[in-house]
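Inspection log for the structure reproduced underneath, given as structure tokens.
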Amino acid sequence: MQPTVTRIAPSPTGDPHVGTAYIGLFNSVLARQGGGKFILRIEDTDQNRYVADSEKRIFQMMQWLGLTPDESPLQDGPNGPYRQSERTELYGQHAQQLVEGGHAYYAFETPDELTELREKAQASGTVIAVPSRDLDPEQAARRVAAGDAAVVRLKVPHDGETVVNDLLRDPIHFQNAEIDDKVLLKADGYPTYHLANVVDDHLMGVTDVVRAEEWITSTPIHVLLYRAFGWDAPRFAHMPLLRNADKSKISKRKNPTSVEWYMDQGYLPEAMLNFLATMGWTHPDGTEIFDLDEFQRTFKLEDVTLGGPVFDQDKLRWYNGKYLREVLSEEEVVKRLHDYLLAHKSELPLDDYFRAVTRLLIPRIEVFSDFLDKTGYYWSEDYPVNEKAQKAIDNARELLPELAGRLKNLPSFDAESISAMFHAFAEEKGLKLGKVMPPVRAAVAGTLESPDLPQMLEALGQERVVSRVERAGR
RNA sequence: GGCCCCAUCGUCUAACGGUUAGGACACUACCCUUUCAAGGUAGCGAUACGGGUUCGAAUCCCGUUGGGGUCACCA
């Protein structure tokens, strides 16, 4: 068996897309399983939609996920260049080769003419017939030589059918009569996706083309191209499309689709990867939590399920929280959270206090961006006091001065001692704990929803606690 | 609309002709408890429909319905 060579071929037209990450995951793992290579190729053949930094951001996304390609424009490699805009002569040559072999032809129709032809074809229920197809090849070649604007089109057979073999489904039959003569080389000299993709996949030795389902209908064109070139076609597998909640193809309007958004919200790459892996696939043991290595050990393409999976933000958040609580070590979470905050212009020092607060918050946040929202009172004396908290203080203000005194006199300000103090106090006064703790909680946190009180007080430290309780008692 | 793909709880899915159709997220209740979480337990909840094939169909076949994709000198 020859090594598996896979690729992703995103076009640099905007934000690094979660669908690219999704398809990249499977391609990367397949290549590793097959002892081959995973290539990142940039399909920048549309000059109108080109976004300058997009290519770099796609690469950074892959790195962040731990899916760094083996070859890419940023690393180079034996199959370069990896930017299609730098391979234009190649496509020109190959297009010409097809014209000479009678598999393609020069076409001179203007956009307006094409629109008209398309309308006519639509009305008669047939595929567009391009008049240039019947031009004398030599005459056409002369017109091109003379400088007439022309595109190169594939000469799709009028009869027969083209079969697409897909690793994930039964052979798909397409009637050739229903495939139109696709443009291969545009008038600006750039190739279209169809030509560039086939030429590059072949030249780069790609053995397995794993891409999204939306490509199924253009695959017969690719099969026809491989045949016209006399090349063996790679194996094809079309993955289901990630979906919005309404089942439509995942889109920016209905879902965050930029992986940078997830980075910015403080999602962990491990959680994102784990979640993505469950879109269309389940671990054979039913395990929900598994890492990339485990995925690589157990993944089988044939186990992929074809119903379009809805990209469920709730489930992703749950995964992220799970990783925070159960997969990463506490120290690792501390470190990553601190890095995250640093990148988001927070200047909290990475000290024992930060560690203590983080420890209390780990079960209470799902993503890092939740953290500051829930911890204001740890960092400043100027924290908001909500209505319920104010009420709790007002209702038990008379207890506060004495409580402050007891807290102040505690020789050891640890959770256990603090807890003992509360119990003793409550018993002495004949009060329930539920009567004495809320006002203190409200005083130090400004809210009634916060971590375990003794632990929280220990973390805050005696000085802060005493002054806050004293202040609230006045 | 033509062509193509798909179809189990609201969502992600398990089952690969024989199960009380299982798990996870979400939701609800209870437990734990000083609140909020986390955790634990329980509950709610699905084979789209109609025909076949078979002793037996979520599973195989056909049709219907539904959803999605695609029909560019975009990828």
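Per the working numbering, the first sequence runs over residues 1442 to 1915.
We put the beta carbon where it would ideally sit given N, CA and C, even for glycine.
Since the model is a prediction, treat every value here as computed from it, not as a measurement.
Residue i and residue j closer than 9 Å at C-beta
i: F1677; j: N1606; result: yes
i: F1479; j: P1510; result: yes
i: G1887; j: Y1794; result: no
i: V1459; j: T1698; result: yes
i: G1543; j: K1623; result: no
i: E1773; j: R1800; result: no
i: I1859; j: L1813; result: no
i: V1604; j: P1612; result: yes
i: G1456; j: E1701; result: Strictly speaking, residue 1456 in this sequence is Asp, with Gly absent from that position. In this structure, E1701 lies closer than 9 Å to D1456 by Cβ.
i: L1683; j: P1578; result: no
i: Y1667; j: T1486; result: no
i: E1496; j: A1450; result: no
i: Y1547; j: L1576; result: yes
i: Q1488; j: D1629; result: yes
i: P1892; j: R1766; result: no
i: L1625; j: V1592; result: yes
According to DSSP, residues forming a beta bridge with residue i
i: V1605; result: I1613
i: E1593; result: According to the sequence displayed, residue 1593 carries Val and not Glu. In DSSP, V1593 forms a bridge with Y1547 and L1626.
i: D1649; result: R1676
i: F1479; result: T1447
i: L1632; result: Strictly speaking, residue 1632 in this sequence is Pro, with Leu absent from that position. Answer by DSSP bridge pairing, in chain order: L1626.
i: S1787; result: None, per the DSSP bridge assignment.
i: E1512; result: I1480
i: H1599; result: In DSSP, H1599 forms no bridge with anything.
i: R1524; result: I1483
i: H1458; result: S1699
i: D1517; result: S1513
i: V1751; result: R1684
Candidates the options, of which the one nearest residue i by Cα
i: S1908; options: A1536, V1885, L1889 and E1899; result: V1885
i: L1415; options: I1613, Q1474, T1454 and P1453; result: The requested residue 1415 does not occur in the structure, where the chain is confined to residues 1442 to 1915.
i: D1753; options: F1736, W1702 and M1720; result: M1720
i: A1581; options: K1561, V1540 and V1568; result: V1540
i: A1653; options: P1879, N1468 and K1870; result: N1468
i: I1620; options: V1585, D1641, E1711 and I1657; result: I1657
i: G1441; options: A1591, A1686, H1614 and R1847; result: This structure cannot settle anything about residue 1441, because the visible part of the chain is limited to 1442 through 1915.
i: L1709; options: R1905, V1470, R1777 and Q1538; result: R1777
i: P1842; options: E1911, L1848 and M1878; result: E1911
i: V1639; options: K1756, S1891 and S1659; result: S1659
i: A1493; options: S1526, W1505, H1864 and L1471; result: S1526
i: E1839; options: P1880, K1786 and Q1516; result: P1880
i: Q1534; options: Y1491, V1568, E1904 and L1636; result: L1636
i: V1470; options: T1447, P1725, K1832 and A1865; result: T1447
i: G1477; options: Q1504, G1507 and Q1443; result: Q1443
i: W1505; options: L1714, L1791, K1815 and G1727; result: L1714
i: F1866; options: F1854, L1848 and R1584; result: L1848
CB-CB length for residue i against residue j, believed under 8 Å
i: R1796; j: V1775; result: 5 Å
i: A1837; j: K1876; result: 7 Å
i: V1745; j: M1680; result: 7 Å
i: L1889; j: A1883; result: 6 Å
i: V1808; j: Q1896; result: No, V1808 and Q1896 are not in contact; Cβ-Cβ is about 23 Å, not under 8 Å.
i: A1712; j: Y1781; result: That pair is no contact at about 14 Å.
i: P1453; j: I1499; result: 7 Å
| Sequence ranges, alpha helix (DSSP H) only - wholly within the segment 1650-1722, length at least 4 | Counting only runs of 4 or more, we get 1660-1670, 1700-1706 and 1710-1718.
| 3-residue-minimum beta strand (DSSP E) runs that sit fully inside the segment 1822-1890, ordered along the chain | none
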